[in-house]
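A.B. asks:
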Amino acid sequence: MFSKKTPTLRLTLRALAALLGYPDATLRAVLPQLAEALESEQVLRPERLAELQALCRQLALSDPIEVEARYVETFDRGRSTSLHLFEHVHGDSRDRGPALIDLMKTYERAGLHFSASELPDHLPVVLEFASTQPPEVARSFLGEMAHILNALFSALLARGTPYASVVAAILEVSGQQAQSVPVAPEPEIDESWDEPAAFDGCSNRGQAKPGQPQPLHFVRNPRASQGASV
-1 MFSKKTPTLR LTLRALAALL GYPDATLRAV LPQLAEALES EQVLRPERLA ELQALCRQLA
59 LSDPIEVEAR YVETFDRGRS TSLHLFEHVH GDSRDRGPAL IDLMKTYERA GLHFSASELP
119 DHLPVVLEFA STQPPEVARS FLGEMAHILN ALFSALLARG TPYASVVAAI LEVSGQQAQS
179 VPVAPEPEID ESWDEPAAFD GCSNRGQAKP GQPQPLHFVR NPRASQGASV
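Here our numbering is used: the first residue of the sequence shown is -1, the next is one more, and so on.
#1: Would you identify the three-state DSSP class for His111, choosing helix, strand or coil?
#2: Below 8 Å between beta carbons: does that hold for Pro160 and Glu49?
#3: Just reading off the alpha helix (DSSP H) that Gly141 is part of, what are its end residues?
#4: Between Gly109 and Ile99, what straight-line distance do the alpha-carbon atoms span, to the nearest angstrom?
#5: Given this structure, state the Cα-to-Cα distance separating Glu134 from Ser115, to the nearest angstrom.
#6: Considering only C-alpha positions, which residue in the set Ala23, Glu85, Val181, Asn148 is nearest to Leu117?
#7: Just to confirm before moving on: does the CB-CB distance between Ala33 and Leu125 stay below 8 Å?
#8: Just tell me which of His145, Gly158, Leu140, Phe151 has its CA closest to the CA of Leu101.
#9: For Asp119, count neighbouring C-beta atoms within 10 Å of its own C-beta (all shown protein chains included) and say buried if the count is 16 or more, exposed if not.
#10: Should Ile168 go down as buried or exposed, given a rule of 16 or more other Cβ atoms within 10 Å for buried?
#11: Tell me, please, whether the stretch 17 to 24 touches the stretch 60 to 71 by the rule of three or more beta-carbon pairs shorter than 8 Å.
#12: Rounded to whole angstroms, what is the Cα-Cα separation between Ala144 and Leu47?
#13: Decide if His111 is buried, meaning its Cβ has at least 16 other Cβ atoms within 10 Å, or exposed.
#14: So who's on the other strand from His82, going by DSSP bridges?
#15: Restricting to Cα atoms, I'd like to know which of Ser129, Leu154, Val164 is closest to Arg12.
#16: Since Ser242 contacts Val181 with CB under 8 Å, what's their CB separation in whole angstroms?
#17: Count the other C-beta atoms from every protein chain shown that fall within 10 angstroms of the C-beta of Ala149, then say buried if there are 16 or more, exposed otherwise.
#18: In the DSSP assignment, find the unbroken alpha helix (DSSP H) run with Tyr69 in it and report its ends.
#19: Assign Ala52 to one of two classes, buried (16 or more other C-beta atoms within 10 Å of its C-beta) or exposed (fewer than that).
#20: Rounded to a whole number of angstroms, what is the C-alpha to C-alpha distance between Ser138 and Pro62?
#21: With a CB to CB cut of under 7 Å and the five nearest residues on each side skipped, what residues in its chain are close to Leu29?
#22: Do you know whose CA, among Leu81, Thr72, Lys103, lies nearest Leu147's CA?
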């Protein structure tokens, strides 16, 4: 009796991780190999594989400066398309720290030492870790992040970027379905980083808004109370 061998995911996950990396000259030089790796394990649907191969060709043939600029515009401007997964859940709150520590412990329990320059919740790092695990463990691990991945997929889809196909492939490899979910609006990056206007009337700055009555605060002069003359 013959049993069907469980397909491996190692090459597929590593190729997907690489595709989400910064498209510098080093990455662009290995795009043909990435396309071959995605096809080798035969775990992706033909339609999805065709989309990823098209992305590889686009990255290889487009102007390098434009490719790199599009990457920065896609992933570094706005929280909804951030590749740091816990930003989608915790933002900049203090809850993100414990979540990152828990993820580090997950890596350590698997016998791996984390030494990447990125944070442990960076999606390519997460995929690299998953690629070291047995297929069933990798699918379960990534499946726990399906709600975050679907939010990221939806935001990329809304922007019309082919990188959405990479996240959709991650979901499908983990046994999930890529689903479009509502994307919460977020302020423009310039607005979110804008400094408050001077004298804008915030109560914690001690003044009212322009045109409003200005409160007066009197402080006793200790010299006057002692009869000092000026």
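A virtual CB, placed ideally from N, CA and C, is assigned to each residue, including glycine.
Fair warning: this is a prediction, and the values are worked out from it, not measured in the lab.
C.D. replies: Let me spell this out:
#1: coil
#2: yes
#3: 133 to 141
#4: 15 Å
#5: 28 Å
#6: Glu85
#7: no
#8: Leu140
#9: buried
#10: buried
#11: yes
#12: 20 Å
#13: exposed
#14: His120
#15: Ser129
#16: Lying before the first or after the last residue shown, residue 242 is absent from the chain, which here runs from -1 to 228.
#17: buried
#18: 62 to 73
#19: exposed
#20: 36 Å
#21: Cys54, Leu57, Ala58
#22: Leu81
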